Amino acid sequence: MKLISIPVAVCALLVLAPAMGDAREVRSAARTSVHQNRPPPPPPPGHPIPPRNVNVNHHVDIDVDVDDHYHPWATAAAVTTAAVVTGAVIGSMVRSVPPNCNTVVVNGISYSQCGNTWYQPQMQGSSVTYVVVNPPR
Amino acid sequence: MKHAILAWGLAFAGALGTVSAMAQTAAAPTLLEPQAVEALRKMGRHLQSLQSFSLKAQTATDQVLVNGQKVQLDAALTLWAHRPNRLRVDFESDRRQRQFYYDGRSVTVYGKASNYYAQFAAPPTLDQLFGRVSEEFGIDLPLADLFAWGDPAAKPEQLITALAIGPATVRGVPCEQYAFRQDGLDWQLWIQRGAQPLPRRLVLTTTDDPARPQYTVDLDWVPGDTPPDSTFAFVPPDGAQAIQAVRANAIANTAR
Chain A
1 MKLISIPVAV
11 CALLVLAPAM
21 GDAREVRSAA
31 RTSVHQNRPP
41 PPPPPGHPIP
51 PRNVNVNHHV
61 DIDVDVDDHY
71 HPWATAAAVT
81 TAAVVTGAVI
91 GSMVRSVPPN
101 CNTVVVNGIS
111 YSQCGNTWYQ
121 PQMQGSSVTY
131 VVVNPPR
Chain B
1 MKHAILAWGL
11 AFAGALGTVS
21 AMAQTAAAPT
31 LLEPQAVEAL
41 RKMGRHLQSL
51 QSFSLKAQTA
61 TDQVLVNGQK
71 VQLDAALTLW
81 AHRPNRLRVD
91 FESDRRQRQF
101 YYDGRSVTVY
111 GKASNYYAQF
121 AAPPTLDQLF
131 GRVSEEFGID
141 LPLADLFAWG
151 DPAAKPEQLI
161 TALAIGPATV
171 RGVPCEQYAF
181 RQDGLDWQLW
191 IQRGAQPLPR
201 RLVLTTTDDP
211 ARPQYTVDLD
221 WVPGDTPPDS
231 TFAFVPPDGA
241 QAIQAVRANA
251 IANTAR
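One line per chain: the protein sequences are A and B, in this order. The opening position of the first sequence corresponds to residue 1 in this note's numbering, with each subsequent residue numbered one higher. The opening position of the second sequence corresponds to residue 1 in this note's numbering, with each subsequent residue numbered one higher.
If you want it as structure tokens, here you go:
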């Protein structure tokens, strides 16, 4: 790695990143308990749950948490690893925010402000996720 | 020519069918060795008799990528328990640190790196804790089995096989090894020999996933350890921010 100059390495990463996205997606994990984490029950008839936007399987502990901003080794299905997209959609969810965001507390609620985009952190299962919200007033 | 191919195809399909039928008949018989079932019960009774204990555990958990490739991730757990209503579990891996506190009134989940914590009301005793936290908040507290074994209120395992494998040493501790099978899960258990039948190793193989991911945990017990009450009380560290715990049904609704 030391042989490659930093700009080249960065370019290589940028080129590889989209291709790696799929191959590094976690689809499942081993059960960790004889008594707990059975697969979630099937949805009632007529109420299919499409795997859209949110797919944090809360009954299997998928360890792709990146709340420390480094070593994101994989992605969970359909949850963006880092919010690098401009104009993030209100209500969309990410597993981490860019490193240059500020923590702002408004009316007792903690937000992460990254330029014009505001995120509200939440504990989802044992993972911290961030929901894009309207700027608080 | 077309007919020949079709005939071969049918013959091949037939052969496959026979093989799969054989595999199924081989897996079908229930074999519950009384020795293995009794060892499990005895260990359960012993676990339920422990009023206070702590332990350190090493876990290895397979994560499965979309292409079926497995990646094993290690973590360390430290657990303190005091019946009927105190629990603390610290989870630490190279990319995630979590602390779970239960004091008989509420559960706190704390993320060290993010300095966020979520707190919510909890049932009054450990017996109800694991199921409720899993159902309501999608949190599978680590090592829930240690509290479910021997609990008369816990749903019993639907065992298909229970086998006594024989003596085995786990990290220098003489144990007896057992192998169990239930629907979707093969699991093995190493129980310490002697007067304190404690689980020393547990291996789970998820068999309803074609990749058959595995989870291994080695347990290093300190029975009789009486952790001070402060162990179970969450005191927000400097700058820690409270965030909301998302209810599991809200997650399902969002996904709709």
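Beta carbons: idealized from backbone N, C-alpha and C, even for Gly. Since the model is a prediction, treat every value here as computed from it, not as a measurement.
Please confirm whether R27/A and V66/B have their CB atoms less than 8 angstroms apart. Contact: yes.
Please check if any C-beta of chain A sits within less than 8 angstroms of the C-beta of V89/B. Look at V89/B: its C-beta is not under 8 angstroms from any C-beta on chain A.
Using a beta-carbon distance below 8 angstroms, is Q36/A in contact with chain B? Q36/A belongs to the set of residues whose beta carbon lies under 8 angstroms from a beta carbon in chain B.
Taking the alpha carbon of N85/B as the reference point, which residue from D186/B, T216/B and Y101/B has its own alpha carbon closest? Closest option to N85/B, Cα to Cα, is Y101/B.
If I follow the unbroken alpha helix (DSSP H) through S49/B, where does it start and stop? For S49/B, the enclosing alpha helix (DSSP H) begins and ends at P34 to S49.
Look at the alpha carbon of R41/B and the alpha carbon of P34/B, and state the distance between them as a whole number of angstroms. Between R41/B and P34/B, the C-alpha separation is close to 10 angstroms.
Continuous beta strand (DSSP E) stretch holding D62/B: start and end: Note, D62/B: beta strand (DSSP E), S52 to L65.
Roughly how far, in whole angstroms, is the beta-carbon of Y119/A from the beta-carbon of V97/A, given that I think they are within contact range, below 8 angstroms? That belief holds up - the Cβ atoms of Y119/A and V97/A are roughly 5 angstroms apart, short of 8 angstroms.
Buried or exposed by the 16-neighbour rule on C-beta atoms within 10 Å, applied to R96/B: With 16 or more other Cβ atoms from the protein chains shown falling within 10 Å of its own Cβ, R96/B counts as buried.
Can you tell me where the alpha helix (DSSP H) with Q124/A in it begins and where it stops? Element bounds for Q124/A: not the alpha helix (DSSP H) but the beta strand (DSSP E), T117 to Q124.
What does a CB cutoff of less than 8 angstroms around V173/B pick up in its chain, not counting 5 residues either side in sequence? Answer for V173/B: Q192 and R200, listed in chain order.
Measuring alpha carbon to alpha carbon, tell me which of V133/B, Q196/B, K56/B and L163/B ends up nearest R247/B. Out of V133/B, Q196/B, K56/B and L163/B, V133/B has the C-alpha closest to the C-alpha of R247/B.
Any idea what DSSP makes of W95/B, helix, strand or coil? Checking the sequence shown, residue 95/B turns out to be Arg, not Trp. Reduced to three states, the DSSP call for R95/B is coil.
By DSSP, does S92/A sit in helix, in strand, or in coil? Note: S92/A maps to coil in three-state DSSP.
Beta-carbon of T61/B versus every beta-carbon of chain A: anything under 8 angstroms? Yes - at least one Cβ of chain A is within 8 angstroms of the one on T61/B.
Go ahead and label P257/B buried or exposed: buried means 16 or more other beta carbons lie within 10 angstroms of its beta carbon, across all protein chains shown. Since the first residue shown for chain B is 1 and the last is 256, residue 257/B is missing from the structure and cannot be characterised.
Residue environment, T216/B, which counts as buried when at least 16 other CB atoms sit within 10 Å: Answer is buried; the Cβ neighbour count reaches 16.
Which of helix, strand or coil does DSSP assign to F100/B? When secondary structure is reduced to three states using DSSP, F100/B falls in the strand class.
Contact list for N67/B against chain A, beta-carbon separation under 8 angstroms: Simply A23.
What is the rounded straight-line gap between the Cα of A138/A and the Cα of V106/A? As displayed, chain A neither begins before 1 nor continues past 137, which places residue 138/A out of reach and without an answer.
Which residues bound the beta strand (DSSP E) around S110/A? Element bounds for S110/A: I109 to C114.
Measure the C-alpha to C-alpha separation of G224/B and L50/B and round it to an integer number of angstroms. Cα to Cα, G224/B sits roughly 8 angstroms from L50/B.
Leaving aside the five residues before and after M123/A along the sequence, list all residues of the same chain whose C-beta is less than 7 angstroms from its C-beta, in chain order. Apart from the 5 residues on each side of it in sequence, M123/A has no Cβ closer than 7 angstroms to any other Cβ in its chain.
Can you tell me whether DSSP reads N249/B as helix, strand or coil? N249/B falls in the helix class under three-state DSSP.
Which same chain residues end up closer than 8 angstroms to Q241/B when comparing Cβ atoms and leaving out the 5 residues on each side of it in sequence? N115, Y116 and Y117, listed in sequence order.
At which residues does the beta strand (DSSP E) containing F180/B begin and terminate? For F180/B, the enclosing beta strand (DSSP E) starts and ends at V173 to Q182.
Contact check, S52/B vs T226/B under 8 angstroms by CB: the rounded distance? Right, the Cβ-Cβ distance comes to about 5 angstroms (below 8 angstroms), so this counts as a contact.
Going along chain A in order, which residues have a C-beta closer than 9 angstroms to the C-beta of I243/B? Ordered by position in chain A, the residues that pass the 9 angstroms Cβ test against I243/B are I109, S110, Q120, P121, Q122, M123 and V128.
Once you ignore the five residues that flank R88/B on each side, which residues in its own chain have a CB closer than 6 angstroms to its CB? Excluding sequence positions up to five before and after R88/B, its CB lies within less than 6 angstroms of the CB of W80, Y101, T231 and F232, all in the same chain and listed in chain order.
DSSP beta-bridge partners of V107/B: As computed with DSSP, V107/B is found in a beta bridge with Y102/B and F120/B.
So with Cβ pairs under 8 angstroms, would you call T143/A a contact of chain B? In the structure displayed, chain A extends from 1 to 137; residue 143/A sits before or after that span and is not available.
Determine which residues share a DSSP beta bridge with P167/B and list them. Bridge partners of P167/B: E176/B.
Looking at L219/B: is its Cβ nearer than 8 angstroms to the Cβ of A57/B? Contact flag set, yes.
Helix, strand or coil: how does DSSP classify R137/A here? Residue state, collapsed to three classes: coil.
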